[in-house]
Amino acid sequence: MKLVEILKPDFVHEDERGILSQITHTPYGQVNSAFTKKGAVRGRYHYHKTTKEIFYIITGEIKVSLSLDGVSEEHIFKTGDMFLVPEYVRHNFDFQEDTYLVSFYTSCVELPDGTKDIVSD
Numbered sequence: 022m023k024l025v026e027i028l029k030p031d032f033v034h035e036d037e038r039g040i041l042s043q044i045t046h047t048p049y050g051q052v053n054s055a056f057t058k059k060g061a062v063r064g065r066y067h068y069h070k071t072t073k074e075i076f077y078i079i080t081g082e083i084k085v086s087l088s089l090d091g092v093s094e095e096h097i098f099k100t101g102d103m104f105l106v107p108e109y110v111r112h113n114f115d116f117q118e119d120t121y122l123v124s125f126y127t128s129c130v131e132l133p134d135g136t137k138d139i140v141s142d
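In the working numbering, the protein residues as written are 22 to 142.
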């Protein structure tokens, strides 16, 4: 079982002006952008019960560690890479370079009752 799904932007257009990437045209419940410095760690092995997360690396490099039901994987993602982390998959990010990324959640992490769909062990 794969713990991460590798994705591609909907389309990429490149010309003498630069690059335009349409990351998605599907509605999402929450969209975040983040800048993280080389050597930092984010996530601390957490998971979500009700949302999937899609990440698009604008620039930089991260090592993503994932686990579910005794199965573990590690992946390196770099500038232009895009991937999806399903519900219940524990994940942790180690930033190999200064990194800008965008994350999309299929539903909001902040739940109507004021709690968050973030579970840490």
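Glycine residues also receive a C-beta, built at the ideal position from the N, C-alpha and C atoms.
In the structure shown, R38 adopts coil according to DSSP, grouped into three states. Close CB contacts of A55 within its chain, under the 6 angstroms cut and outside five residues either way in sequence, are with L122 (chain order). The alpha-carbon of G50 is positioned some 26 angstroms away from that of H34.
With a cutoff of 8 angstroms on beta-carbon distance, L41 and L105 are scored as not near each other.
Around the beta-carbon of F114, 16 or more other beta-carbon atoms lie within 10 Å, marking it buried.
Here K137 is bridged, per DSSP, to E131.
Within its own chain, the residues whose Cβ lies closer than 6 angstroms to the Cβ of T100, once the five positions on either side in sequence are excluded, are I78 and T80, listed in chain order. With a contact defined as Cβ atoms closer than 8 angstroms, I83 and F116 qualify at about 5 angstroms.
DSSP places E26 in the strand class (E or B) of the three-state scheme.
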